[in-house]
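For reference, the structure discussed in these notes is given below.
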Amino acid sequence: MRNMVEKNQEKVKEVMKRLGEAYPVTGPFLDYTNPLELVVATALSAQCTDERVNAVTKDLFRKYKTPEDYANASIEQLERDIYSTGFYRNKAKNLKGLGRVLIDEFDGKVPNDFNDLQRLPGVAKKTAAIVMSKAFGSHESVAVDTHVYRIARLLGLSQGKSIEAVRRDLNAIIPKEEYLQINELMITHGRKICIARRPKCGECILLDICPSGKNFDK
Ligand code: SF4
41 MRNMVEKNQE
51 KVKEVMKRLG
61 EAYPVTGPFL
71 DYTNPLELVV
81 ATALSAQCTD
91 ERVNAVTKDL
101 FRKYKTPEDY
111 ANASIEQLER
121 DIYSTGFYRN
131 KAKNLKGLGR
141 VLIDEFDGKV
151 PNDFNDLQRL
161 PGVAKKTAAI
171 VMSKAFGSHE
181 SVAVDTHVYR
191 IARLLGLSQG
201 KSIEAVRRDL
211 NAIIPKEEYL
221 QINELMITHG
231 RKICIARRPK
241 CGECILLDIC
251 PSGKNFDK
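Residues in the sequence shown are numbered consecutively from 41, following my numbering.
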């Protein structure tokens with residue numbers, strides 16, 4: 041009898057095939073031109089849309105080009121510069137700290153290491169996974185955000201009750217080179233169809249393989 045991991049490996053393959061066909065272009069996602077900009081944009085994207093972050097970073101990245109620029113900025117100025125992304129006090133504090141840690145511990149460069157990235161203020165596994173994949177082409181983990189967490193559980197790909205548990209389950213059933221792709225496909229599906237608390241199951245191309253679909257169609 042096939043074990044659960046094998047069954048979920050097959051299932052996620054089918055999920056990715058269908059979502060890949062439905063969304064040949066995913067996004068919009070964050071604009072950046074180097075690893076530092078990617079870390080900053082990802083940190084700003086917490087509780088904020090990519091469109092809003094991109095509008096803010098358009099000016100921000102002209103003004104702040106190096107870790108020193110963040111480390112030497114006044115908190116008040118940083119807060120003003122990122123205000124409209126929300127949670128601006130915490131985010132400004134993290135950006136200033138990020139600049140300082142990069143200078144003090146990493147020679148002013150964003151580290152090309154999954155664990156080192158998590159030593160930067162405001163950077164946890166999700167951001168570290170995205171930065172490793174996008175900036176360095178090294179796929180260390182699926183980045184589990186609210187969409188990935190919800191959809192993986194609804195599809196029965198994980199029974200995990202925490203982001204960390206779902207992350208481990210997904211990492212075990214998805215080929216490494218597809219870690220970034222599953223993140224982007226599920227985010228796109230979560231924005232368009234499998235919307236939190238009001239999924240459009242009737243329009244969903246995964247309905248026949250989703251154990252949760254019928255629950256929402258009643
Ligand atoms: S069938 Fe419904 S719950 Fe399942 S993935 Fe599609 S939209 Fe989400």
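Each residue gets a CB set at the ideal place from its N, CA and C atoms; glycine is no exception. Since this is a predicted model, take the numbers as computed values, not measurements.
- In this structure, the beta-carbon distance from D90 to L70 falls below 8 Å.
- When only Cα atoms are considered, D144 and R159 end up about 12 Å apart.
- Between the alpha carbons of V96 and V141 lies a gap of roughly 23 Å.
- Here DSSP, grouped into helix, strand and coil, assigns P151 to coil.
- A residue is called buried once 16 or more other Cβ atoms fall within 10 Å of its Cβ, and A168 is buried on that count.
- Restricting attention to alpha helix (DSSP H) runs no shorter than 4 residues, the region 60-139 encloses them at 75-84, 90-103, 107-112 and 115-122, ordered along the chain.
- DSSP, reduced to helix, strand and coil, places A236 outside both helices and strands of the structure shown, so it counts as coil.
- In the same chain as Q49, and ignoring 5 residues on each side of it, the C-beta atoms closer than 6 Å to its own belong to I213, in chain order.
- In the three-state reduction of the DSSP assignment, E180 falls in the coil class, being assigned neither a helical nor a strand state.
- In the DSSP assignment, N211 falls within the alpha helix (DSSP H) that extends over I203 to I213.
- The alpha-carbon separation between K166 and A86 amounts to approximately 11 Å.
- A direct Cα-Cα distance of roughly 8 Å separates S124 from R92.
- Across the structure, L78 and G137 are spaced so that their CA atoms are roughly 16 Å apart.
- For the pair A205 and V188, the Cα-to-Cα distance works out to about 12 Å.
- Rounded to whole angstroms, the gap between the alpha carbons of S252 and Q221 is 23 Å.
- Between the region 185-204 and the region 224-237, the count of Cβ pairs shorter than 8 Å is three or higher; the stretches touch.
- Where L195 is concerned, there is no enclosing alpha helix (DSSP H), because DSSP gives it neither an H nor an E.
- The beta carbon of I203 sits closer than 6 Å to those of V184 and Y189, all from its chain and outside the five residues before and after it, given in chain order.
- Relative to the ligand SF4, I233 has its C-beta within less than 7 Å of a heavy atom.
- A straight-line Cα-Cα distance of about 32 Å links M226 and Y110.
- DSSP places N43 outside both helix and strand once states are collapsed to three, so it counts as coil.
- Shown here, S173 sits in a helix according to DSSP, grouped into three states.
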